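The sequence shown begins at 316 in my numbering and counts up one residue at a time.
Following: one structure in structure tokens, then a few remarks.
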Amino acid sequence: MNRSDSLAAELRRKKRFDEYFSWRAAEQPSLERCLARLAEWGIKSSLSAVHRLHKSGEAFAWRVQEAATARDSLGKTLPVDMEQAIRESVLRQCFDKTLGELSHKELMDYRAMATEERKLTLKEHVEPEKLKLAERRVALLEKKLDEAKDTLTDTKLTPEQVRERMKEILA
């Protein structure tokens, strides 16, 4: 949602959107402290509006962008002759660490987005004889996505069991 009367829109109008989320990511403040920071900037809001902002797609998109920026910055500093698999693993870990813990909805959105990006990249750049193999990999990723959805919606599992199962699926 990108409404003109939303808290995100107000932060953008005051050119404080990136500053707010950078501060929030660094300090991990309470909702009350976030509300106080907004008031310091002359933005009137409520705890529920701050909570909705933090759960919004805009907040998620900001986190993904920051994670991608961190990954790309690290990629420029890694040795050029580093083995590709190790390089990709290091960059993925950097991205995941910067992205932080995802809510259930964010995880599903991210995995769906990543799967779609991979499909497009594969179709544009993979040689035709390698396309079948690439499509099989995509199918396996989609299967992992389905397993993750099933795990996250299984009411019989404890939070610890869900966490362990998600680690297995996403490893």
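Built from N, CA and C at the ideal position, the CB exists for glycine as well.
Predicted model, so just to flag it, every value in this text is computed and none were measured.
Legend entry - Top-ranked residue by Cα proximity to E373, from A354, R407, Y425 and C409: Y425
Legend entry - Of the listed residues A341, D333 and K329, nearest to G415 (C-alpha basis): A341
Inset, instruction - Select from V477, H366, K359 and D333 the residue whose C-alpha is nearest the C-alpha of Q380. - result: D333
Inset, instruction - Name the residue from A383, D465 and L362 whose alpha carbon lies nearest to the alpha carbon of L406. - result: A383
Legend entry - A364 vs L322 beta-carbon contact at 7 Å: yes
Inset, instruction - Please state if the CB of F410 and the CB of R378 are separated by a distance shorter than 7 Å. - result: No, they are not a contact pair.
Legend entry - Sub-7 Å separation of R402 and L389 beta-carbons: no
Legend entry - Own chain residues within Cβ distance below 8 Å of I484, not counting five before or after: K459, E462, A463 and T466
Inset, instruction - Verify whether the separation of the beta carbon atoms of T430 and L455 is less than 7 Å. - result: no
Legend entry - Whole-angstrom distance between Q343 and S337, CA atom to CA atom: 10 Å
Inset, instruction - With distances taken Cα to Cα, identify the nearest neighbour of W356 among E479, H369, R331 and L346. - result: R331
Legend entry - M428, DSSP secondary structure in three states: Looking at M428 - three-state DSSP - the assignment turns out to be helix.
Inset, instruction - Identify which residue in M397, S371 and S361 has its Cα closest to the Cα of E421. - result: Taking only the C-alpha atoms, the option nearest E421 is S371.
Inset, instruction - Note down, in chain order, each residue of its chain lying with its Cβ closer than 7 Å to the Cβ of P474, except the 5 sequence neighbours on either side. - result: none
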